[in-house]
Amino acid sequence: MQPISYTKQQVGEPRFPKLLYNRPISRHGAGRLLIIGGRRDYVGEIQAAYALATAAGIGECRVALPDSLVRLVGPSGTGEFVASGHGGVLAKISLGELLGLLASYDTALIGPSAGHNSETTLLLESLLQKSELPMVITGDGLVGLGSSVRAMSERPLTTVVCTMPELFKLAGKLGVGIQITADGGLRNKVQIVSDVAAAGLGSLVVTGPELICVEAGETTVTTITGNASDLTPGFAGVVASLLTQNPGKRQEAMVSACYLAAMAMQYLAEDSEAHVTTNFEMAIARALRTIDDESF
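FYI, the numbering for the sequence shown is 4 to 299, going by the numbering used here.
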């Protein structure tokens, strides 16, 4: 196992300040994102992903939900309802509907609150195979696609946003041996993430006490305040938003999404009364306002 080098990023020292400062001005320039997920009686993660993608400046964001959620969600200008199957999850028969929707979008975010039903797994596998759209996969999408991780790893323009435990499971599916050392610390974690990326999942953001991003073989570690694991599905919305806005600058977009999260988490840590889950989107918006007022 070869030692892995990485670049550090922390609040006040963004790696790619020009990307953060020169963001799209128009909604058209900021791109269109479709989030696919949700299951009967639960939309928490998909709501978080939508809220964070919007806070991060996506031009237009909509969600595709199983029609089992119609009564819970009600009529919405942000949602599209497609066929649901057993258990109220997205059904395989909704494939045509979803492919038709994706034709009008720039990026897809797949997985939040999608459930682990085998029917949903078949649907997500088919979406990977039949759509050429850039995709971000997170949450339940990773569980559902675990059995077809090779297909996911071989697909271009596909980014995984996950926690370290989720990464371990993906590593097992890829046949990547995980070596955990008692005193390895951050360097050991970076090595593990880099090994999994090298095995096929080349575009990765792993959340935890720090944010570890790998794209095009280069690793960036962003220092954060607290632990981002519980915020992963929402944070995936930030990653998807910046990737949509910067299609030709994938590494810069992913690393900059991590920087926004670091700023937001610092703001939350400074407010003892803030509830992290519900205020993360406001902190992201505040981070962008701060960037607009600064000159790096």
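C-beta: ideal position from N, C-alpha, C; glycine also.
Out of curiosity, what's the CA-to-CA distance linking residue 30 and residue 167?
-> So the two alpha carbons sit approximately 34 Å from each other.
Fully enclosed by the segment 208-269, which beta strand (DSSP E) runs are 3 residues long or longer?
-> List check, beta strand (DSSP E) in window: 213-218, 221-226.
Whose CA, out of 129, 185, 222, lies closest to the CA of residue 199?
-> That would be 222, whose Cα lies nearest to the Cα of residue 199.
So what does DSSP say about residue 60, is it helix, strand or coil?
-> Taken through DSSP and simplified to helix, strand or coil, residue 60 comes out as coil.
Roughly how many angstroms separate the alpha carbons of residue 284 and residue 262, rounded to a whole number?
-> Approximately 14 Å, taken between the alpha carbons.
Just the C-alpha distance for residue 179 and residue 197, rounded to the nearest angstrom, thanks.
-> Here the alpha carbons of residue 197 and residue 179 stand approximately 11 Å from one another.
Of the residues 159, 117, 110, 145, the one placed nearest residue 132, counting alpha carbons only = The alpha carbon of residue 132 has as its nearest neighbour, out of 159, 117, 110, 145, the alpha carbon of 159.
Cα separation between residue 4 and residue 151?
-> For residue 4, the predicted structure reports a pLDDT of 49, less than 50, and the residue's modelled location is therefore unreliable. A value from the coordinates is still provided. Linking residue 4 to residue 151 through their CA atoms gives a straight-line distance of about 26 Å.
Would you list the residues sitting across from residue 204 in a DSSP beta bridge?
-> Paired residues: none, contrary to the question.
Is the distance from the Cβ of residue 71 to the Cβ of residue 26 below 8 Å?
-> Result no, Cβ atoms of residue 71 and residue 26 do not sit closer than 8 Å.
Along the chain, where does the beta strand (DSSP E) that runs through residue 161 open and close?
-> 161-166 is the span of the beta strand (DSSP E), which, as asked, contains residue 161.
For residue 189, which residues of its own chain have a beta-carbon under 8 Å away from its beta-carbon, when the five flanking residues on both sides are left out?
-> The beta carbon of residue 189 sits closer than 8 Å to the beta carbons of 213, 224 from its chain, once the five residues preceding and following it are set aside; these are given in chain order.
Hey, out of 177, 39, 246, 268, whose CA is closest to residue 87's CA?
-> Cα-wise, what sits closest to residue 87 is 39.
Looking at the unbroken alpha helix (DSSP H) that takes in residue 114, where does it start and where does it end?
-> Taken as a continuous stretch (DSSP letters only), residue 114 belongs to no alpha helix (DSSP H), as it is neither H nor E.
Neighbourhood of residue 141 by C-beta, 8 Å cutoff - its chain only, sequence neighbours within 5 removed = 52, 112, 113, 114, 115, 163, 164, 165, 235, 236, 239.
Sequence-distant residues of the same chain with beta carbon closer than 7 Å to residue 76, five excluded per side = These residues qualify, in order along the chain: 46, 68, 82.
Between the segment 14-24 and the segment 119-130, do three or more beta carbon pairs fall short of 8 Å?
-> Cβ pair count under 8 Å is below three, so no.
What are the start and end residues of the alpha helix (DSSP H) that includes residue 82?
-> Here residue 82 belongs to no alpha helix (DSSP H); instead the beta strand (DSSP E) covers 82-85.
If we count the other Cβ atoms within 10 Å of its Cβ and call it buried at 16 or more, is residue 10 buried or exposed?
-> By the neighbour-count definition (other C-beta atoms within 10 Å, threshold 16), residue 10 is an exposed residue.
Are residue 242 and residue 139 closer than 8 Å when you measure CB to CB?
-> Closer than 8 Å, so yes.
Cα-Cα separation, residue 297 to residue 95 = A direct Cα-Cα distance of roughly 48 Å separates residue 297 from residue 95.
For the alpha helix (DSSP H) that residue 123 lies in, which residues bound it at each end?
-> Residue range 121-133 is occupied by the alpha helix (DSSP H) that includes residue 123.
Pull up the CB-CB distance for residue 14 and residue 269, whole angstroms please, since I reckon it's below 8 Å.
-> Indeed, because the Cβ distance is near 5 Å, the residues count as touching under 8 Å.
Beta carbon of residue 194, beta carbon of residue 7: below 8 Å?
-> Against a cut-off of 8 Å, the Cβ pair of residue 7 and residue 194 comes out as a contact.
Can you grab the Cα-Cα spacing for the pair residue 50 / residue 156, in whole Å?
-> Rounded to the nearest whole angstrom, the C-alpha separation of residue 50 and residue 156 is 27 Å.
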